[in-house]
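A short write-up of the structure that comes next.
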Amino acid sequence: MRGGFDLELVRLTKRYGETVAVRDINHVFAPGSYVCLLGPSGCGKSSTLRMIAGHEEVSEGSILLDGHDVSFLPPAQRGTAMMFQNYALFPHLSVRDNVAFSLRMKGVDKASRHARANELLALVDMTHLADRLPAQLSGGQQQRVALARALVTEPKVLLLDEPLSALDPFLRIRMRAELKKLQRELGITFIHVTHGQDEALALADEIVVMNDAVIEQAGPAREVWATPRTEFVARFIGGHNVISLPGGKATVRADAVQLGQDGLPATITAVEYQGASVAVTTRTESGDDVLALLPEEAFFAAPKSPGDAVRLSWDDSRLHRLEA
Amino acid sequence: MAPQGVRPGGVLSPGAPPAQTDGKKQKGRAHMSTNRHVLGWLQAAPLAAILLAFLIAPIVMIVIVSFWGATEFSIYPAFQFDNYEFLFGSPVTYRVFLATFKYALITWALTLVIGFTVAYFLAFHVRSLTMQVALFLICTIPFWTSNIIRMISWIPFLGRNGIANQTLISWGVIDEPLEWLLYSDFSVLLAFVHLYTLFMVVPIFNTMMRIDKSLLEAARDAGASGFQTLVHIIIPLTKPGIMIGTIFVVTLVMGDFITVRFMSGSQRANVGRLISNDIGLLQYPSAAATAVVLLCTVLIVIAILLRFVNIRKEL
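Those protein sequence lines, which keep their order, are chains H and Y. So the first sequence is numbered by the numbering used here: it starts at 1 and just counts up by one. So the second sequence is numbered by the numbering used here: it starts at 1 and just counts up by one.
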């Protein structure tokens, strides 16, 4: 059922001179969902986001929001708001004035725009720092301010351009939990560009994997992870081994690979202890690298070292054929 | 003074004293710290000496001479306030200072508007860096000749039978040559603006180039129009550059005497010309007193300007 504030891309294309950054993509973003645009750098995910935001001109195709073509509207009239990668907070304005900026542009009087800014600062838990300048805040705090500033316009769709990339790993995990919580509370669509598959899996209701200017695969996070459509997706999303079989390639999940007495002969090239599990990298005779993720107890019951010959086996039902 | 600005021995501190036995270490450290102290002063000494010899000493000399006395044919050391009394007692002084301020203010306003516009165009409208650098260098081409030449080259253009008047007459815009084009306030200000606009363009352009372009996108995302972005984002963030340009232009115009002399045909005066006239008449004490008053005036103006904007982060 399509309804509410859904966002649709129709044959969207972006060209920079000869190079095509985004090629002819079609996609419908379900309303109120958390969507991650996932892909390596240069795959066109940021261009797509910036076209939706209105900071990049659409070369061909259109962007429909809530049934209206917004492709040629200025950013502020689209019903979208963007959170920039480096937050782009105005350095000369206090936190409160940063959040109230768009209201000031609309000519809202000082008292009411400050009241509204305070509400949003309370939402992101930043009320106590409202009078500071951005330079006096930590990365995580700046991000909350940027979030509040984007949300003050009451967007239907919030666009986040690699929002967590500037944070240290610890803070990144904390902030992504907060992003998810906020999205659930607000019930609006979040489109989040990232190149980190763990981030995408942790956050997204829907993952859109992009490569080489096109969408490789789109679907719920579990579906994309469990049944990657192409070799690229299988490799990019991680935790999969791509194996050449007669009649095409297939993937098998790293945690489904077992070391045993019979099966595919291989040599161990690396052993990595990861806590709950041990990652054993092996190379088969045909030259494929196969990763086996073994439970800790199982590995240490029969420890192996690099150079050991092993045989790899898996349940055939865990084998997933790739389309490309 | 310079030595206070340099942390004595600061350069050496990473190479902390080598760890030895306890007794030696104590001794070594004490020795090291006196060494460092001396070394710090030595490092600061060359710059301090230069500033002392070429900045502080001449100013002190001027201040001393400003209290000396003069007759028609001699000057004699003394400590008297005659020069200042004469200066502050003469209505000419106030008129000339007022004229100097007028030149400074009008030149400042014009160079600011032109300089800001040029810098804005270079920083935000020219997309490629190569083009920005090329256009920026073109701006500096006039500086390849001396500023006297640049000034004098206006004279045939603006003169009574100059190119400007002839063109305007041939177009039928005017019937008689315009008298106020040359040897007037207009020509003085024209030359000032021509000479000093670049001093406004450079610092403003420099500050503008440091503005993160995503701030402009963020402003657009928040619904700001081009004009609102200019007023609320670009101008506030460019203030330090504007202030540095302002200091350049104001000090240059207030200290100038040659432009006013040439472009006004010696019909207008400013403080610089007052000083240069006194020197021409060998009235050094009087010239020194005027110079001291001018120096104080300029310093006060700069102090007032610095209260508005903190330019430290630009330096």
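Built from N, CA and C at the ideal position, the CB exists for glycine as well. These numbers were taken from a predicted model, which means no experiment stands behind them.
(message) Taking only three categories from DSSP, how would you classify His-27(H)?
(response) Walking along the first sequence from the start, residue 27(H) turns up at place 27. Of the three classes helix, strand and coil, the one that applies to His-27(H) here is strand, per DSSP.
Secondary structure, beta strand (DSSP E): runs of 3+ residues fully inside the segment 121–164 of chain H: Along the segment 121–164 of chain H, the beta strand (DSSP E) occurs as fully enclosed runs of 3 or more residues at 157–161, listed in sequence order.
Practice task
Answer yes or no: does any C-beta atom of chain Y fall closer than 8 Å to that of Gly-17(H)?
Solution key: Mapped onto the first sequence, residue 17(H) falls at position 17. At a cut-off of 8 Å, the C-beta of Gly-17(H) has no neighbouring C-beta in chain Y.
I'd like to know if Pro-166(H) contacts chain Y, where contact means its C-beta is closer than 8 Å to some C-beta of that chain.
Stepping through the first sequence from its first residue, residue 166(H) is reached at position 166. Checking the sequence shown, residue 166(H) turns out to be Ala, not Pro. So, not an interface residue.
Report task. For Lys-106(H), count neighbouring Cβ atoms within 10 angstroms of its own Cβ and tell me buried if that reaches 16, exposed if not. Result -> Working through the first sequence from its first residue, we reach residue 106(H) at position 106. Around the CB of Lys-106(H), fewer than 16 other CB atoms lie within 10 Å, so the residue is classed as exposed.
- Item | Cβ-Cβ separation, Ser-264(Y) to Tyr-183(Y) (assumed contact under 8 Å), whole Å | As a working mapping, residue 183(Y) is identified with position 183 in the second sequence. As a working mapping, residue 264(Y) is identified with position 264 in the second sequence. Approximately 6 Å separates the beta-carbon atoms of Tyr-183(Y) and Ser-264(Y); this is inside 8 Å, confirming the contact.
Once DSSP output is grouped into helix, strand and coil, what is the label at Phe-300(H)? Within the first sequence, residue 300(H) is the residue found at index 300, counting from 1. Annotated three-state conformation of Phe-300(H) is helix, per DSSP.
To be precise: take each residue of the segment 219–243 of chain Y, compare its Cβ to all Cβ atoms of chain H, and keep it if any distance is under 8 Å. Which residues remain?
Listed by position along the chain: Ala-219, Arg-220, Asp-221, Ala-222, Gly-223, Ala-224, Ser-225, Gln-228, His-232, Ile-233, Pro-236 and Leu-237.
key: Contacting residues, own chain, Cβ-Cβ under 7 Å from Asp-198(H) (five flanking each side not counted)   = Counted from its first residue, the first sequence places residue 198(H) at position 198. For Asp-198(H), where only same-chain residues beyond five positions count, there are no Cβ hits under 7 Å.
Buried versus exposed, by CB contacts within 10 Å (16 or more), Pro-163(H) = Here residue 163(H) is taken as the residue at index 163 of the first sequence, counted from 1. With 16 or more other Cβ atoms within 10 Å, it is buried.
key: Range of the contiguous alpha helix (DSSP H) that encloses Phe-308(Y)   = Taking the second sequence and counting its residues from 1, the one referred to as residue 308(Y) is at position 308. Residues 284–308.
Does the segment 52–63 of chain H come within contact of the segment 72–83 of chain H, defined as at least 3 CB pairs closer than 8 Å?
Between the segment 52–63 of chain H and the segment 72–83 of chain H there are three or more C-beta pairs closer than 8 Å, enough to call the two in contact.
Margin query: Quick check: what's the CA-CA separation for Ser-102(H) versus Val-271(H)?
Written below: The sequence position of residue 102(H) within the first sequence is 102, counting from 1. The sequence position of residue 271(H) within the first sequence is 271, counting from 1. Between the C-alpha atoms of Ser-102(H) and Val-271(H) there is a straight-line separation of about 54 Å.
Could you check the C-alpha separation between Val-113(Y) and Thr-229(Y) for me, to the nearest Å? Locating residue 113(Y) in the second sequence gives position 113, where the first residue counts as 1. Locating residue 229(Y) in the second sequence gives position 229, where the first residue counts as 1. Cα atoms of Val-113(Y) and Thr-229(Y): separation of roughly 17 Å, rounded to the nearest angstrom.
*Could you pull the start and end residues of the beta strand (DSSP E) that Lys-249(H) belongs to?*
What you label residue 249(H) is simply residue 249 of the first sequence in a count that begins at 1. According to the DSSP assignment, Lys-249(H) belongs to the beta strand (DSSP E) that extends over 248–253.
### Message
Am I right that Ala-296(H) and Ala-279(H) are in contact with their C-beta atoms under 8 Å? What's the rounded C-beta distance?
### Response
Position 296 of the first sequence, counted from the start, is the residue given in the question as residue 296(H). Position 279 of the first sequence, counted from the start, is the residue given in the question as residue 279(H). A quick correction: the sequence has Glu, not Ala, at residue 296(H). Wrong, their Cβ atoms sit about 11 Å apart, outside the cutoff.
Boundaries (first-last residue) of the alpha helix (DSSP H) holding Gly-226(Y) | Here residue 226(Y) refers to the residue found at position 226 when the second sequence is read from its first residue. DSSP places Gly-226(Y) in the uninterrupted alpha helix (DSSP H) bounded by 226–229.
Q. Would DSSP call Phe-79(Y) helix, strand or coil?
A. Looking up residue 79(Y) in the second sequence gives position 79. In this structure, Phe-79(Y) counts as coil in the three-state DSSP scheme.
- request: Output yes if chain Y places a C-beta closer than 8 Å to the C-beta of Thr-189(H); else output no.
  value: Your numbering for residue 189(H) matches position 189 in the first sequence. At a cut-off of 8 Å between beta-carbon atoms, Thr-189(H) makes no contact with chain Y.
- Task: Output yes or no for whether 8 Å exceeds the beta carbon distance between Thr-284(H) and Ala-266(H).
- Result: Within the first sequence, the letter at position 284 stands for residue 284(H). Within the first sequence, the letter at position 266 stands for residue 266(H). Cβ atoms of Thr-284(H) and Ala-266(H): closer than 8 Å.
May I have the straight-line CA-CA distance separating Ile-242(Y) from Pro-77(Y), to the nearest angstrom? Walking along the second sequence from the start, residue 242(Y) turns up at place 242. Walking along the second sequence from the start, residue 77(Y) turns up at place 77. Those two C-alpha atoms are separated by around 44 Å.
By the DSSP assignment, the beta strand (DSSP E) with Phe-190(H) in it spans what residues? Looking up residue 190(H) in the first sequence gives position 190. From DSSP, the beta strand (DSSP E) with Phe-190(H) extends over 189–194.
Could you please give the first and the last residue of the uninterrupted beta strand (DSSP E) stretch that includes Ile-207(H)?
On the first sequence, position 207 is the one that residue 207(H) refers to. It spans 206–211 - the beta strand (DSSP E) in which Ile-207(H) sits, taken as one unbroken run.
What's the gap between the Cα of Ile-148(Y) and the Cα of Gln-132(Y)?
Looking up residue 148(Y) in the second sequence gives position 148. Looking up residue 132(Y) in the second sequence gives position 132. Whole-angstrom Cα-Cα distance: 28 Å.
Where Asp-22(Y) and Arg-36(Y) are concerned, what is the direct C-alpha to C-alpha distance, given to the nearest angstrom? Taking the first residue of the second sequence as position 1, residue 22(Y) is located at position 22. Taking the first residue of the second sequence as position 1, residue 36(Y) is located at position 36. With a pLDDT of 49 at Asp-22(Y), under the threshold of 50, the modelled position of that residue is not reliable, and no figure is offered here.
Practice prompt. With DSSP as the reference, label Gly-255(Y) as helix, strand or coil.
Written response: Along the second sequence, one-based indexing puts residue 255(Y) at 255. Helix, per DSSP.
How about Arg-273(Y) and Phe-248(Y): do their beta carbons lie closer than 8 Å?
In the second sequence, residue 273(Y) corresponds to position 273, counting from 1. In the second sequence, residue 248(Y) corresponds to position 248, counting from 1. The Cβ-Cβ distance between Arg-273(Y) and Phe-248(Y) does not fall below 8 Å.
Worksheet item: Taking the alpha-carbon positions, what's the Ala-115(H) to Phe-124(Y) distance?
Response: As a first step, residue 115(H) must be located in the first sequence, where it is residue number 115. As a first step, residue 124(Y) must be located in the second sequence, where it is residue number 124. So the two alpha carbons sit approximately 34 Å from each other.
**OP:** Report yes if the CB atom of Ile-243(H) is closer than 8 Å to the CB atom of Val-310(H), and no otherwise.
**Re:** Position 243 of the first sequence, counted from the start, is the residue given in the question as residue 243(H). Position 310 of the first sequence, counted from the start, is the residue given in the question as residue 310(H). No, the Cβ-Cβ distance between Ile-243(H) and Val-310(H) is not below 8 Å.
Inset, instruction - Would you check if there are 3 or more beta carbon pairs closer than 8 Å linking the segment 133–145 of chain Y to the segment 219–235 of chain Y? - result: Cβ pair count under 8 Å is below three, so no.
Self-check item: Beta-carbon proximity list for Val-335(H), same chain, < 6 Å, skipping 5 on both sides
Solution: No answer is possible for residue 335(H): the residues shown for chain H start at 1 and end at 324.
Fill in: Counterpart residues of Leu-245(H) in DSSP-defined beta bridges
Indexing the first sequence from 1 puts residue 245(H) at position 245. Gly-248(H), per the DSSP bridge assignment.
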